[in-house]
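Residue numbers (my numbering), protein chains in the order written: chain L, 1 to 264; chain B, 1001 to 1225. Beta carbons are placed, not taken as given, at the ideal position from N, Cα and C, and that holds for glycine.
Spelled out as structure tokens, the structure:
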């Protein structure tokens, strides 16, 4: 359903994506992992054309776009493609001057030209789906980080996208708020929504991924099932990256031990 | 002060209150309102052009702001009123002042708008685009409502400044609040008295504007708790 062919993107002289090939089937959950600076975010931004690739090809749900053939993309064409994708940002990017409900229905009203009462009904459904029915009239500043992020998910869902992209959706959250967001995402995966998620939540990845992609230096260095990547990857860099993660996960216990020794 | 002089001052004061008020109602206030309204419209266009990635829009906008901010408004006013007749363009005093105030104010307000629009996180544009909005829709629905709120305090300041600057109208013969004060001061030889009354009127209106500005700020500020 989503085919990415030889996608390339540079910022100035820095090549951030150096030829990405990717196939995602409908209903699949694809997890993108890799060190920061490996191009995960740029890849997601290119998939919904918030960044315009320098060259390569995208095909989503029959809508094909070729880049780097000289012609500049028309705004109308970009907009048509973007409407098939939904994006959840690391720092939610809700509209602060609109309530949770208004955030969710903004696209329906402005882009899809729904009438207000239909849009409200749909918006309330979506807020209920992410567990925020009672928070419809709150402004983003009155919500917790996890709630904001769930409103962001509902807003992206409202456009009924063919694929939902998540750019490190829990990286900016307090640890105790991560779970509620991941729960919503798991639910979406179970319902058969097509998801592409850049994340550092390895347990989540193990649990929901149909496929895991390991990116490094603008390339897909390894890919496969979660079992393959987390268990049996022959790629040295993948194992290094994951082992650093395990080490990081144990970090909190270290100072405690030091303290104990000091008191002895 | 002799009793006679005190009575004379009192008499002049009483008799100039109404003419000064008339000058304010007929000239100072309309000049300020019309100029500011026009200036806001032009300022938005100049600000948007100044933010454009297209050089044929951005460069003229920057050039305009450079020229207007780099020259005194009094000089601009005199160029229009006393200079343009040399090349055959004669404008009446009222439109002259409106043009001069609008031109100057548009430059200053456009800088306020440009910087507030720029100060909004880039992610707000991305969020709008990701929903499939056009650049114009993002601007109208997402960016401008937020920018408007942020720019109310500085734009309020601009308007208060403009209200006072409108007193330059007196220098191109208009009988505005200050112009009337000047006339009566000249005919009665009591400049101190007349200019203090004029100052009082300006202070009164500016105080009211300040209160209005705070109300607006409160009204537009209700979403950021």
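Just to confirm, is the Cβ distance from residue 162(L) to residue 21(L) under 8 Å? The residue labelled residue 162(L) in the question sits at position 162 within the first chain. The residue labelled residue 21(L) in the question sits at position 21 within the first chain. Result no, Cβ atoms of residue 162(L) and residue 21(L) do not sit closer than 8 Å.
What separation, rounded to the nearest whole angstrom, lies between the Cα atoms of residue 8(L) and residue 66(L)? Start at 1 with the first residue of the first chain, and residue 8(L) comes out as number 8. Start at 1 with the first residue of the first chain, and residue 66(L) comes out as number 66. The alpha-carbon atoms of residue 8(L) and residue 66(L) are separated by roughly 12 Å.
Where residue 181(L) and residue 149(L) are concerned, what is the direct C-alpha to C-alpha distance, given to the nearest angstrom? Taking the first chain and counting its residues from 1, one reaches residue 181(L) at position 181. Taking the first chain and counting its residues from 1, one reaches residue 149(L) at position 149. Answer to the nearest angstrom: the Cα atoms are 7 Å apart.
Under the three-state DSSP convention, the category residue 213(L) falls into: Reading the first chain from its first residue, position 213 is the one you call residue 213(L). Correct three-state label for residue 213(L): strand.
Per DSSP, the bridge partner or partners of residue 163(L): Locating residue 163(L) in the first chain gives position 163, where the first residue counts as 1. The partner list for residue 163(L) (beta bridge, DSSP) reads 85(L).
Can you name the residues that DSSP bridges to residue 66(L)? Working through the first chain from its first residue, we reach residue 66(L) at position 66. Per DSSP, 57(L).
What span of residues does the alpha helix (DSSP H) with residue 1180(B) cover, start to end? In the second chain, the residue the question calls residue 1180(B) occupies position 180. Where residue 1180(B) is concerned, the enclosing alpha helix (DSSP H) stretches over 1177-1188.
For residue 1151(B), would you say it is in contact with chain L, using Cβ-to-Cβ distances shorter than 8 Å as the test? Mapped onto the second chain, residue 1151(B) falls at position 151. Chain L contact via Cβ: absent.
Proximity below 8 Å, CB of residue 159(L) to CB of residue 1144(B): The sequence position of residue 159(L) within the first chain is 159, counting from 1. The sequence position of residue 1144(B) within the second chain is 144, counting from 1. Not closer than 8 Å, so no.
Quick one: what does DSSP say residue 102(L) is sitting in, helix, strand or coil? Taking the first residue of the first chain as position 1, residue 102(L) is located at position 102. Residue 102(L) falls in the helix class under three-state DSSP.
Contact belief for residue 151(L) with residue 104(L) at Cβ below 8 Å, rounded distance in angstroms: Residue numbering aside, residue 151(L) sits at position 151 when the first chain is read from its first letter. Residue numbering aside, residue 104(L) sits at position 104 when the first chain is read from its first letter. With 8 Å as the limit, residue 151(L) and residue 104(L) qualify as a contact, their Cβ atoms being about 7 Å apart.
If we count Cβ pairs, one from each stretch, closer than 8 Å, do we get three or more for the region 29-38 of chain L versus the region 203-211 of chain L? Contact between the region 29-38 of chain L and the region 203-211 of chain L is present, because at least three Cβ pairs lie under 8 Å.
My parser needs the alpha helix (DSSP H) runs of 4 or more residues fully inside the region 1100-1187 of chain B; what are they? Secondary structure remark: continuous alpha helix (DSSP H) runs of at least 4 residues inside the region 1100-1187 of chain B, in chain order: 1122-1130, 1135-1138, 1144-1165.
Please list the segments of the beta strand (DSSP E) lying wholly inside the region 121-194 of chain L, counting only runs of 3 or more residues, in order along the chain. Fully enclosed beta strand (DSSP E) runs of 3 or longer: 163-167.
For the pair the region 1177-1185 of chain B and the region 1140-1160 of chain B, tell me if three or more CB-CB distances fall below 8 Å. Because the criterion of three Cβ pairs below 8 Å is not met, the region 1177-1185 of chain B and the region 1140-1160 of chain B do not touch.
Kindly indicate which residue of 1094(B), 1080(B), 1189(B), 1134(B) has the alpha-carbon position closest to the one of residue 1023(B). Along the second chain, one-based indexing puts residue 1023(B) at 23. Checking every option, the nearest Cα to that of residue 1023(B) belongs to 1094(B).
If the cut-off is 7 Å on Cβ atoms, which residues from the region 1051-1071 of chain B count as contacting chain L, listed in chain order? For the region 1051-1071 of chain B, which is checked against every Cβ of chain L, not one residue is closer than 7 Å.
Considering only the beta carbon of each residue, do residue 1185(B) and residue 1201(B) sit closer than 8 Å? In the second chain, residue 1185(B) corresponds to position 185, counting from 1. In the second chain, residue 1201(B) corresponds to position 201, counting from 1. With respect to residue 1201(B), residue 1185(B) sits apart: the two C-beta atoms are not nearer than 8 Å.
Please identify the residue among 10(L), 172(L), 221(L), 146(L) whose C-alpha is closest to the C-alpha of residue 268(L). A question about residue 268(L) goes unanswered here, because the residues of chain L that appear run from 1 up to 264.
Using beta carbons (cut-off 8 Å, strictly below), is residue 56(L) in contact with chain B? Numbered from its first residue, the first chain carries residue 56(L) at position 56. For residue 56(L), the answer is no, since every Cβ of chain B falls outside 8 Å of its Cβ.
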